[in-house]
Amino acid sequence: MQEEFIDLPFFKEGGWIKRKCPVCGRVFWTLNPERKVCGDQPCEEYGFIGKRLGRGVESLGEVRRRFIEFFEKNGHTPIRRYPVVARWRDDVYLVGASIYDFQPWVTEGLVEPPANPLVISQPSIRLTDVDNVGRTGRHLTGFEMMAHHAFNVRGQRVYWANETVEYAYRLFTEVYGIPPEEITFVFDMWSGGGNAGEDYEVLVRGLELATLVFMHYKTVEGRLVPIENKIVDTGYGLERIYWFLQGSTSVYEAVFPGIIEWLRREAGLEPLPADLRVALAKRSGRLDFKKPLEAMKVFEEISSEVGMDVDEVSRLLRPFESIYALADHSRTIMWMIGDGVVPSNTGSGYLARLLIRRSMRHLRRLGLEIGLVDVVSRQLEEWRSDFPEYWEIRDEILDIVAYEEEKYRETLSRGSKIVDNLLSRYKRRGEIPGEELVKLYESHGVPPDLVEEKASSLGVRVDTTGFYSKLAELKEKSGREAIKPEEWKLPPEYASRFPETRKLYYENEKLFRFKARVIGVVEGKYVVLDATAFYPEGGGQLSDKGLIRHGGGECEVSYVFRVGGVVFHECRGPLPSQGEEVEGLVDSERRLTLMRHHTSTHVVLGALRRVLGRHVWQAGAQKTLDYVRFDFTHHRPITEEQARKIEELANRVVMENRRVKKAFMSRTEAEKRYGFSLYQGGVVPEKILRVVEIEGWDAEACGGTHCDYTGEIGVIKIVGFDKIQDGVFRVIFKAGVPAVRYIQEIDSRLKRVARLLDAPLEEVDLRVAKELEEKKRLQDELKRLENIRLLGEAERLAAKAVEVSGVKLVAGVVDEEKLRDLALETARRIGDGVVVLANPKGRIVVKVSGGALKKIDARELGRRITEKLGGRGGGVSDLFQGKIASVEGVAEAAGEVLGRLAEKDKGRA
RNA sequence: GGGCCGGUAGCUCAGGCUGGGAGAGCGUCCGGUUGGCAUCCGGGAGGUCGGGGGUUCAAGUCCCCCCCGGUCCA
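According to the numbering used here, the first sequence is numbered sequentially starting from 2.
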């Protein structure tokens with residue numbers, strides 16, 4: 002099977018030589034008879050550093066432009082990039098390759114691709130190598146993957162392996178001017194994202210410039226299963242190609258020269274010596290800090306080449322590693338936030354937070370005063386012509402970065418206090434144990450270097466050994482949550498039994514009575530019609546309810562759902578028979594409320610984006626009969642003024658009675674016209690989209706039912722805003738009838754309060770405040786009087802003290818709630834003696850004070866008394882508290898027990 | 001979605017392991033001291049100990065549930 006992919010006509014007819022690499026053992030093709038190894042890492046060193054082997058180019062943008070032009074000329078349709086946040090997928094947060102844009106819907110053949118074949122340059126983010134970024138000269142967290150894709154699905158052949166290889170060859174030679182004999186194609190197997198296929202890596206002078214994958218397997222339980230779809234999945238690293246053409250000493254210097262130079266000057270650093278840069282660059286392909294031993298070896302080689310010792314080399318490189326990392330991270334942060342990620346403690350927001358915090362630590366390490374906002378601000382400017390969409394919303398992006406930066410500073414200062422506490426605790430030991438370090442990082446976000454810094458100034462050692470392995474352990478512990486597959490009410494086979502249902506609810510959204518033919522009844526309760534006006538649950542909108550009238554009577558439609566394109570009506574009562582013509586009656590009151598709620602959701606989103614900023618994206622929504630719960634991305638607390646503004650703006654749109662247009666159009670056209678903000682509920686996996694547009698206000702891909710004019714909503718009332726987690730807020734609001742009812746209810750409640758207070762409506766709040774103040778005053782007064790009463794009572798009891806075996810005793814039953822206070826106060830009066838008080842509820846307090854303490858333990862005395870009277874209790878040496886069953890005879894019991902204890906003591910003395 | 005840490009006076013926190021009388025510092029108010037600035041001394045006000053349930057004679061403290069904040073990870 003592999004031969005089919007190895008011995009491609011392109012190679013055989015073009016005079017290519019097939020060889021096997023003696024180092025890695027893989028098969029490769031070359032035009033150079035001298036070539037022995039495949040040319041990949043680690044088989045060959047980088048041979049392009051300081052050289053210009055291809056066509057001269059002016060900018061990264063030019064490389065991208067030429068790529069797209071070449072494929073466009075060769076029959077490919079250019080497609081706009083997708084956002085870096087993979088909203089249409091639930092298995093990943095970020096787009097890591099261009100093929101992510103089309104998984105799983107297009108690659109599974111369920112949805113037509115937006116064009117076929119197509120060409121794209123897709124910003125992609127990979128955080129798995131984040132520890133290497135800045136240090137190896139070649140790793141990035143964010144890169145643009147240029148790609149041409151061909152989807153050979155449903156028997157349609159576009160092109161396959163041979164053409165793909167030829168395109169790659171022509172691109173590199175014709176467009177980028179790379180000499181043909183420099184190129185090798187290395188054969189391998191690739192797998193990822195549940196798919197697999199043979200692939201060729203395109204290598205030039207040790208650098209992999211592209212990977213060409215021929216995807217035609219599924220991986221099932223570790224085995225490869227061939228699938229019908231054959232997908233050409235290519236990936237050309239834009240930054241790498243530019244780096245190669247420039248011959249720079251690292252990918253960072255090629256891509257981010259401006260930022261790097263600026264940071265270097267700000268940090269007051271001399272440029273790195275050229276020989277060191279070159280020595281490092283040549284070997285950087287082998288550098289990987291996940292393999293520390295190998296990395297150490299590379300460093301030793303570099304050191305001996307430039308004649309410095311290893312420590313000197315690391316010392317020189319360290320600040321530049323931070324600068325390079327910052328250059329990379331800040332651009333990725335710009336992409337993420339610009340595409341709608343708000344830093345948070347979960348999900349993709351957490352990944353943004355991770356990068357922001359790492360970046361801030363690098364800034365700190367460089368001793369720079371400038372904020373991360375300044376770095377991101379520079380990036381926005383540097384990439385202004387490549388990504389004008391970010392430039393447009395720069396204020397929002399920078400505000401989010403600034404807010405996150407501020408929050409991390411707070412976390413650090415909070416953390417530094419905790420560290421101070423810890424240090425004072427471990428100061429005597431002279432060392433902070435490793436587990437404290439892990440706890441500090443894990444629970445308080447305090448990085449270990451901060452602890453070390455503070456500790457070393459106090460001369461306390463910090464045990465950092467095993468910190469990372471302990472962290473890794475924790476990682477293991479937090480298990481991965483299983484992704485639940487979408488649950489259908491019926492298996493998909495049922496859908497293929499029937500033709501697609503005609504959707505009358507799209508043809509006329511106010512059709513509530515219709516005629517249709519029964520084409521099936523399944524499982525004794527699900528009715529399938531040839532056409533229906535019943536809206537099936539979907540897109541956050543509840544299903545319709547109603548009735549189906551037929552020859553045998555009528556049945557109640559309790560739930561409606563969709564499997565594929567077929568609508569099923571769950572019915573109760575006598576069912577219609579196959580082939581019969583029936584009449585459907587939709588509960589119109591219910592549907593109208595749902596429609597108002599749905600359209601008002603779009604109205605409110607438009608208002609949120611205008612008042613809070615365009616970083617607001619839908620993060621989940623539920624429209625019920627009673628209210629709408631709408632979650633959205635946002636970072637700062639929402640002020641009362643903003644809330645009012647949002648509500649007012651939304652209602653203005655209602656009053657303006659704007660048209661709500663619904664149209665089906667091609668995905669490409671929709672994206673061109675409205676941009677990616679269409680996909681608020683996630684990307685709809687279809688070639689043809691239904692776009693719901695509130696004229697001049699909001700446009701979203703949406704399958705729900707909507708009003709025709711915003712005026713039909715009537716009124717929108719916001720109930721409240723909540724922060725549901727970092728970076729996500731929730732608004733609850735009502736529209737139409739529920740809104741009116743809500744306003745009525747609030748109104749009548751308020752009026753009831755006013756009546757109770759006997760105050761005019763306008764003064765209700767002031768009066769409540771006043772009443773509360775008065776209540777407080779009265780409570781204080783009561784407390785004061787209570788206290789006086791208690792003191793008087795204590796005085797009275799103290800006067801009744803008797804003497805038992807030389808010890809003063811006050812004992813008896815008093816009707817008193819604050820029994821303990823009374824006992825303490827009485828004891829203070831008699832000064833030296835014993836007080837035993839009980840109240841009718843059975844609570845008992847024994848207080849011993851003054852010289853009596855030498856002879857009597859309150860606990861012993863108390864225990865003996867309660868034993869006598871059927872109870873229990875405990876306390877401290879001078880105070881006993883407990884409960885007894887009968888309070889009769891407390892005084893007698895107390896006298897008797899005290900007498901015995903005192904006598905015993907005397908006897909001892 | 002999971003793990004961990006936290007919520008006690010206006011603020012910063014102690015107390016919690018081992019249940020029994022709610023505390024400190026700062027701030028605030030009053031009085032005195034001082035020529036004034038972060039002077040010193042004395043006194044006072046200020047608390048549903050996040051909420052609910054449970055165990056117990058007794059819960060800030062132990063157990064369960066929930067809410068809120070923080071943090072690490074998927």
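Beta carbons: idealized from backbone N, C-alpha and C, even for Gly.
- Remark: C-beta atoms of Val811 and Leu798 approach each other more closely than 8 Å.
- Non-local beta-carbon contacts of Ala403 in its own chain, meaning distances under 8 Å to residues more than five positions away in sequence, involve Gly372 and Val374 in chain order.
- The region 741-779 contains no complete alpha helix (DSSP H) run of 4 or more residues.
- Membership of Val808 in any alpha helix (DSSP H) is not indicated; the residue belongs instead to the beta strand (DSSP E) covering Val808 to Val814.
- The alpha carbon of Val528 has as its nearest neighbour, out of Leu438, Gly574, Val741 and Ser323, the alpha carbon of Gly574.
- For Val28, the uninterrupted beta strand (DSSP E) segment begins and ends at Val28 to Thr31.
- Phe186 places its beta carbon less than 8 Å from that of Tyr201.
- With respect to Ala824, Val849 sits apart: the two C-beta atoms are not nearer than 8 Å.
- Looking at Glu390, Glu411 and Ala328, the one whose alpha-carbon comes closest to that of Gln380 is Ala328.
- Phe730 sits in a strand when the DSSP states are folded into three classes.
- DSSP places Glu70 within a helical segment (H, G or I) once states are collapsed to three.
- Secondary structure note for Asn133: it is in no beta strand (DSSP E), with a DSSP letter that is neither H nor E.
- Annotated three-state conformation of Tyr218 is strand, per DSSP.
- Proximity to Glu209 across Asn196, Val226 and Trp244 peaks at Trp244, based on C-alpha coordinates.
- Of the residues Asp387, Ile394 and Ile398, the one whose Cα lies closest to the Cα of Ile357 is Ile398.
- Distance from the CA of Ile714 to the CA of Thr706, rounded to the nearest whole angstrom, comes to 13 Å.
- The region 656-669 and the region 754-773 do not touch, with fewer than 3 CB-CB distances between them shorter than 8 Å.
- When C-beta atoms of the region 295-309 are compared with those of the region 80-100, fewer than three pairs fall below 8 Å, so the two segments do not count as touching.
- Between Arg731 and Phe631, the C-beta spacing is below 8 Å.
- Rounded to whole angstroms, Ile717 and Gly614 show a C-alpha spacing of 21 Å.
- Here Gly554 carries a strand assignment [DSSP, helix/strand/coil].
- Between Lys231 and Asn153, the gap from beta carbon to beta carbon is short of 8 Å.
- Secondary structure in the region 493-573: the beta strand (DSSP E) runs of 3 residues or longer, each lying completely within the stretch, are 514-523, 527-530, 547-551, 554-564 and 567-573 in chain order.
- From the listed residues Glu787, Lys801 and Ile831, the smallest Cα separation to Lys819 is found for Glu787.
- Scanning its chain for C-beta atoms nearer than 7 Å, with the 5 sequence neighbours on each side dropped, one finds around Ile228 the residues His217, Tyr218 and Lys219, in chain order.
- Across the structure, Thr108 and Ser251 are spaced so that their CA atoms are roughly 35 Å apart.
- Spanning the alpha carbons of Asp276 and Ser315 requires a straight line of approximately 15 Å.
- The count of Cβ pairs closer than 8 Å, one atom from the region 108-124 and one from the region 143-162, reaches three, so the stretches are in contact.
- DSSP lists Val814 and Ile845 as the bridge partner or partners of Ala839.
- Lys21 places its beta carbon less than 8 Å from that of Val28.
- Asn117: not part of any beta strand (DSSP E); DSSP gives it neither H nor E.
- In this structure the region 875-886 touches the region 852-864; the number of beta carbon pairs closer than 8 Å is three or more.
- With the rule of 3 Cβ pairs closer than 8 Å, the region 125-133 does not count as touching the region 72-80.
- Per the Cβ contact rule, the region 691-706 is in contact with the region 590-605 (3 or more Cβ pairs under 8 Å).
- Non-local C-beta neighbours of Gln247 in its own chain, meaning closer than 6 Å and more than five positions away in sequence, comprise Ala255, ordered along the chain.
- Separation of Gly552 and Tyr507 (C-alpha to C-alpha, rounded to the nearest whole angstrom) is 27 Å.
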